[in-house]
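S.K.:
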Amino acid sequence: MLKYFLAEGAVSSHSLFVASQDVKPDQLISEMPAVVTESPVAPPITSDERMQIAWRYQNMKIMDSSPKSGQTFGHFYDLTKKMDKNVIENIDTALWDGEDIAYEASGFMNNAYVDLLKTVQETLKKGEFYITASPEKRNILRVGLHSVGSRLWLCDTEELMHQDFLKFFYCLRALLRGAFAVAVITVPVQCFQGHDDIVQRMEHLADTAVSLESFAGSPKETNPVFRDYHGLLHIKKLSAINTLAAHCPESFDLAFKLRRKKFLIEILHLPPELGDSSQREQDDSIQATTCGQIGNKLLDF
Numbered sequence: 025m026l027k028y029f030l031a032e033g034a035v036s037s038h039s040l041f042v043a044s045q046d047v048k049p050d051q052l053i054s055e056m057p058a059v060v061t062e063s064p065v066a067p068p069i070t071s072d073e074r075m076q077i078a079w080r081y082q083n084m085k086i087m088d089s090s091p092k093s094g095q096t097f098g099h100f101y102d103l104t105k106k107m108d109k110n111v112i113e114n115i116d117t118a119l120w121d122g123e124d125i126a127y128e129a130s131g132f133m134n135n136a137y138v139d140l141l142k143t144v145q146e147t148l149k150k151g152e153f154y155i156t157a158s159p160e161k162r163n164i165l166r167v168g169l170h171s172v173g174s175r176l177w178l179c180d181t182e183e184l185m186h187q188d189f190l191k192f193f194y195c196l197r198a199l200l201r202g203a204f205a206v207a208v209i210t211v212p213v214q215c216f217q218g219h220d221d222i223v224q225r226m227e228h229l230a231d232t233a234v235s236l237e238s239f240a241g242s243p244k245e246t247n248p249v250f251r252d253y254h255g256l257l258h259i260k261k262l263s264a265i266n267t268l269a270a271h272c273p274e275s276f277d278l279a280f281k282l283r284r285k286k287f288l289i290e291i292l293h294l295p296p297e298l299g300d301s302s303q304r305e306q307d308d309s310i311q312a313t314t315c316g317q318i319g320n321k322l323l324d325f
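Residue numbering for the sequence shown follows the numbering used here, beginning at 25 and increasing consecutively.
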């Protein structure tokens, strides 16, 4: 999802700022998917197509699994291909890997957070992304922060790490509020097991928060209800900037599946018939207890 965000910025000629201590930032840039020039078109549905079983639902509205209901936004990308190097070279890109820490502050125990904040601040000032600046041509800075709060961001104690983590979010939010910039931050929440309060405070500081629940290694992986998907997408918070309330989507039951060429997010629908479910097998295995044959014996009245 972070690579999609960066690739959309590259295609839209936006400036990019990529930071990570787990992966080399230039590697994330080089692995951006290639844009698809032609938009995929869904096959038209003719009026001659009729339902064979539930004939009574023929005149009902066709349900679109896409959350956008057919609306086109942004571009499409092919995950099997990498973005052209010539396109990447023409992008205004700034990278941060945390190897050379040049800034310190008394308010943080881990100076990596300070150095990252100062680097973002300098990038905003140098590129004239602040609202008060008057550049010849206005542009947008896309900030992609990969795996913030992972084990490479540890402090001496767990409590100090949580303090630096939340303080970093608060300061970054203040920086971006006064600039034409947007940030996408990925956080490995498994590093905060047993500290749900920290995760909730992080979600509160963000404008929009979503989480991915993978089915790999869980009982849901073999559940026939989720056989067509690889995980669930949970909407934790939606932005409500300059509005009284956040936008309410059509459905909050979203699932994702990773195909060879694309990453899909769809509205979760239950299959029409669970033919291979354990409940169906139990129902079929129940023998009749009324008039008729039970095993090898006949029940007479």
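By construction, the Cβ of each residue, glycine as well, lies at the ideal position given by its N, Cα and C atoms.
For clarity, every value in this text was computed on a predicted model and none was experimentally measured.
Which of helix, strand or coil does DSSP assign to residue 237?
M.R.: It is a strand residue.
S.K.: Taking the alpha-carbon of residue 98 as reference, which of 157, 37, 111, 45 has the nearest alpha-carbon?
M.R.: That would be 37, whose Cα lies nearest to the Cα of residue 98.
S.K.: When you compare each of 203, 113, 171 to residue 162 by their alpha carbons, which one comes out closest?
M.R.: Closest option to residue 162, Cα to Cα, is 203.
S.K.: To the nearest whole angstrom, what separates the beta carbons of residue 43 and residue 108, a pair I think is in contact under 8 Å?
M.R.: Incorrect: roughly 24 Å between the Cβ atoms, too far for contact.
S.K.: Would you call the region 178–190 and the region 144–152 touching, i.e. three or more CB-CB distances under 8 Å?
M.R.: no
S.K.: Can you tell me whether DSSP reads residue 172 as helix, strand or coil?
M.R.: Judged by DSSP in its simplified three-state form, residue 172 adopts coil rather than helix or strand.
S.K.: Compare the C-alpha of residue 237 against each of 174, 40, 280, 121 and name the closest.
M.R.: 280
S.K.: Could you compute how far the alpha carbon of residue 156 sits from the alpha carbon of residue 164?
M.R.: 14 Å
S.K.: Pick helix, strand or coil for residue 14, following the three-state DSSP scheme.
M.R.: Summary: the structure shown does not reach residue 14, with the chain confined to residues 25 through 325, and so no result is reported for it.
S.K.: Can you tell which of 192, 200, 269, 123 has the C-alpha that lies nearest to the C-alpha of residue 129?
M.R.: Nearest option by C-alpha distance: 192.
S.K.: Got a sec, what are the start and stop residues for the alpha helix (DSSP H) residue 54 sits in?
M.R.: Where residue 54 is concerned, the enclosing alpha helix (DSSP H) stretches over 49–54.
S.K.: Residue 208 and residue 40 look like a contact to me (Cβ under 8 Å); what is the Cβ gap, rounded to whole Å?
M.R.: Not a contact, Cβ separation roughly 11 Å.
S.K.: Give me the Cβ distance between residue 270 and residue 263, rounded to the nearest whole Å; I'm assuming they're in contact under 8 Å.
M.R.: 6 Å
S.K.: So residue 289 and residue 257 are in contact, right, with Cβ under 8 Å, and what is the actual spacing, rounded?
M.R.: 6 Å
S.K.: Considering only residues of the same chain and omitting the five flanking positions on each side of residue 276, which have a CB-CB separation below 7 Å?
M.R.: 259
S.K.: Taking three-plus beta-carbon pairs below 8 Å as touching, is the region 135–149 in contact with the region 101–120?
M.R.: A contact exists between the region 135–149 and the region 101–120.
S.K.: Within 10 angstroms of its Cβ, does residue 71 collect 16 or more other Cβ (buried), or is it exposed?
M.R.: Because the pLDDT at residue 71 is just 48, under 50, the model does not fix this residue reliably, and the value given afterwards should be weighed accordingly. By the 10 Å Cβ count, residue 71 comes out exposed.
S.K.: Mind the definition here: the region 205–225 touches the region 168–181 only if three or more C-beta pairs lie below 8 Å; say whether that holds.
M.R.: yes
S.K.: Give the range of the beta strand (DSSP E) segment to which residue 205 is assigned.
M.R.: 205–209
S.K.: For residue 244, does the three-state DSSP call read helix, strand or coil?
M.R.: Look at residue 244 here: in three-state DSSP terms it is helix.
S.K.: Thinking C-beta only, is residue 134 closer than 7 Å to residue 195?
M.R.: No, they are not a contact pair.
S.K.: Please tell me whether residue 127 and residue 111 are closer than 7 Å, where the distance is taken between their beta carbons.
M.R.: no
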